[in-house]
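Take a look at the structure below.
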Amino acid sequence: MKWFIDISYVAVAVVFVLGLKAMSSPATARKGIVWAGWAMIAATLVTLFWPGMQNFALMIVAMVIGGSVAWWSGKNVAMTDMPQMVAIYNGMGGGAAAAIAAVEFARGEMHGGMVALLAVLGALIGSVAFSGSCVAYAKLQGIMKKAYRFPMQNQLNVGLAAVVGILGLAIVTATDPDGWAIVLFFVLSLALGVIVTSPIGGADMPVVISLLNAFTGLAVGFEGYVLGNPALVVAGIVVGASGTLLTQLMAKAMNRPITNVLFTPMTGEAQGG
Amino acid sequence: MEGIVYLYVFVLAAFTGYEVISRVPVILHTPLMSGSNFIHGVVLIGAMVVMGHADPDSPLQLTLGFFAVLLGAANAAGGYVVTERMLAMFKAGKKKGAE
Numbered sequence: 001m002k003w004f005i006d007i008s009y010v011a012v013a014v015v016f017v018l019g020l021k022a023m024s025s026p027a028t029a030r031k032g033i034v035w036a037g038w039a040m041i042a043a044t045l046v047t048l049f050w051p052g053m054q055n056f057a058l059m060i061v062a063m064v065i066g067g068s069v070a071w072w073s074g075k076n077v078a079m080t081d082m083p084q085m086v087a088i089y090n091g092m093g094g095g096a097a098a099a100i101a102a103v104e105f106a107r108g109e110m111h112g113g114m115v116a117l118l119a120v121l122g123a124l125i126g127s128v129a130f131s132g133s134c135v136a137y138a139k140l141q142g143i144m145k146k147a148y149r150f151p152m153q154n155q156l157n158v159g160l161a162a163v164v165g166i167l168g169l170a171i172v173t174a175t176d177p178d179g180w181a182i183v184l185f186f187v188l189s190l191a192l193g194v195i196v197t198s199p200i201g202g203a204d205m206p207v208v209i210s211l212l213n214a215f216t217g218l219a220v221g222f223e224g225y226v227l228g229n230p231a232l233v234v235a236g237i238v239v240g241a242s243g244t245l246l247t248q249l250m251a252k253a254m255n256r257p258i259t260n261v262l263f264t265p266m267t268g269e270a271q272g273g
Numbered sequence: 001m002e003g004i005v006y007l008y009v010f011v012l013a014a015f016t017g018y019e020v021i022s023r024v025p026v027i028l029h030t031p032l033m034s035g036s037n038f039i040h041g042v043v044l045i046g047a048m049v050v051m052g053h054a055d056p057d058s059p060l061q062l063t064l065g066f067f068a069v070l071l072g073a074a075n076a077a078g079g080y081v082v083t084e085r086m087l088a089m090f091k092a093g094k095k096k097g098a099e
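Protein chains in written order, with this note's numbering: chain A, 1 to 273; chain B, 1 to 99.
Structure representation (structure tokens):
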């Protein structure tokens, strides 16, 4: 059975890339998403036959709830509210990648430097994508109207990122990482996503969402390595790379370098600050 | 040896992603962002595998796994619907000649 799953994953990865290619041209764009949709259904179905799986009841319940709520909200949202829906679904993907890492930590099966390193990186990036996307959603939806700017914003961002990075490294190198260190790592990663996106104004949000989308792709790719699942690696890294390029293209179309979007948010303040 | 093979996969996948969308017109930026958002919804299958191998006696693992599957399914389903709705507008605008 396993070989059939593996072959199916290869086919799914190929269809995803072809679908993405089709989506980058107006004439074939709609076909592209439909192909990719069928590939996703196929991937989900064959995964149910993965050897040694249990907890099916809970798994199906989670899929039905998550899938139907998202399907319903996506169908019924106004066309003008689409960007924030993309943001929130993207955040959920990042959250899923982070949760996968969390389960792996809870199982205590994080052996080997490379696996642990990519698990931690994926968890960090996924958490940032999750909380950052929630902020992006809140801003575009009008829940969070103001751009909150902390004093010494850029230093705060870099400082927090450094703390999270050091904590992550400590978890990677520890033979038996402390549970609370892992919890703190996730909390700080989530906080980092909030702090980085809070000062950014609504007009810049599409570029930020695109960047977070690329982040989620990377996180998915890294967790794919941790799980030894090449389909996740290929799909995740393809999205990570194309998302990065797309972010640059969008920023260029808005005539605003990506570094401006992230580090001098809509204030025209001196960069030295 | 496994590790180095994965490194090849990483690098080649990155080139593929970059190459595949390198000539996208501005009008498709947002739909393509949404479409790639759908594609990383494949995280769902990773979540399913993790959930399937969680210890049934560990509430912590089950809860985390449950959320992973829930969020992954929402990413995939929501990403698809939103992208499909955006791209359906292109079809309506382009008339049937494009088919």
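Glycine is no exception: its CB is placed at the ideal position from the N, C-alpha and C atoms.
- Between MET92/A and LEU124/A, the alpha-carbon positions lie close to 14 Å from each other.
- With contacts defined by Cβ atoms closer than 9 Å, GLY228/A and GLY122/A do not form a contacting pair.
- Contact annotation: in the segment 3-16 of chain A, residues whose CB is within less than 7 Å of a CB in chain B are PHE16.
- Per DSSP, LYS145/A is not a residue of any alpha helix (DSSP H), being assigned neither H nor E.
- Using a Cβ-Cβ cut-off of 9 Å, TYR137/A does not count as an interface residue toward chain B, since no Cβ of chain B sits closer than that to its own.
- Runs of the alpha helix (DSSP H) spanning 4 or more residues and lying entirely within the segment 22-73 of chain B occur at 29-39 and 43-52, in chain order.
- Taking CB atoms only, LEU48/A has a neighbour in chain B less than 9 Å away.
- Neighbourhood of VAL239/A in chain B, by CB distance below 7 Å: GLY17, SER36, ILE39 and HIS40, in chain order.
- GLY52/A sits away from TRP35/A, with the two beta carbons spaced by 9 Å or more.
- Shown here, TRP35/A sits in a helix according to DSSP, grouped into three states.
- DSSP places GLY201/A in the coil class of the three-state scheme, outside both helix and strand.
- Counting every other CB atom within 10 Å of its CB across the protein chains shown gives LEU87/B a total of 16 or more, marking it as buried.
- For GLY132/A, no CB of chain B lies under 9 Å from its own CB, so it is not counted at the interface with that chain.
- Contacts with chain B at 9 Å (Cβ-Cβ) include PHE56/A.
- Nearest in C-alpha terms to THR175/A, of all of TRP38/A, GLY113/A, ILE100/A and ALA253/A, is GLY113/A.
- Contact note: ILE4/B does not reach chain A at a C-beta cutoff of 9 Å; the least C-beta distance is about 11 Å.
- Under the three-state reduction of DSSP output, PRO206/A falls in the helix class.
- Here VAL42/B has ALA76 as same chain residues with Cβ atoms under 8 Å from its own Cβ, once five neighbours each way along the sequence are excluded.
- When Cβ-Cβ separations below 9 Å define contact, TRP71/A makes contact with chain B.
- Between ILE65/A and LEU70/B, the beta carbon gap of about 6 Å places them in contact (Cβ cut-off 8 Å).
- Interface with chain B (9 Å Cβ-Cβ cutoff): ALA43/A is included.
- Residue-level contact check: ALA191/A does not touch chain B, since none of the beta carbons of chain B fall below 9 Å from its beta carbon.
- When the beta-carbon positions are compared, GLU223/A and LEU232/A come within less than 9 Å of each other.
- DSSP places GLN54/A outside both helix and strand once states are collapsed to three, so it counts as coil.
- Secondary structure of ASP6/A (DSSP, three-state): helix.
- Distance from the CA atom of LYS75/A to the CA atom of ILE4/B, rounded to whole angstroms, is 43 Å.
- Residue THR30/B holds the alpha-carbon nearest to the alpha-carbon of ALA253/A among THR30/B, VAL9/B, GLN61/B and VAL11/B.
- Judged by pairs of C-beta atoms under 8 Å, the segment 181-191 of chain A does not touch the segment 7-20 of chain B, as fewer than three such pairs exist.
- Each of TYR8/B, ILE45/B, SER36/B and GLY52/B was checked against the Cα of VAL17/A, and the nearest Cα belongs to SER36/B.
- If you draw a 10 Å sphere on the C-beta of LYS2/A, you find fewer than 16 other C-beta atoms in it, and that means exposed.
- Here DSSP, grouped into helix, strand and coil, assigns PRO230/A to helix.
- For the pair ALA39/A and ALA29/A, the CB atoms are not nearer than the 9 Å cut-off.
- Interface residue (Cβ-Cβ distance to chain B less than 9 Å): ILE65/A is classified as such.
- The alpha-carbon of GLY165/A is positioned some 19 Å away from that of LEU262/A.
- Per DSSP, the continuous alpha helix (DSSP H) segment holding GLY159/A begins and ends at 153-173.
- Closest option to ILE258/A, judged by alpha-carbon separation, among ILE200/A, GLY108/A, VAL239/A and ALA219/A: ILE200/A.
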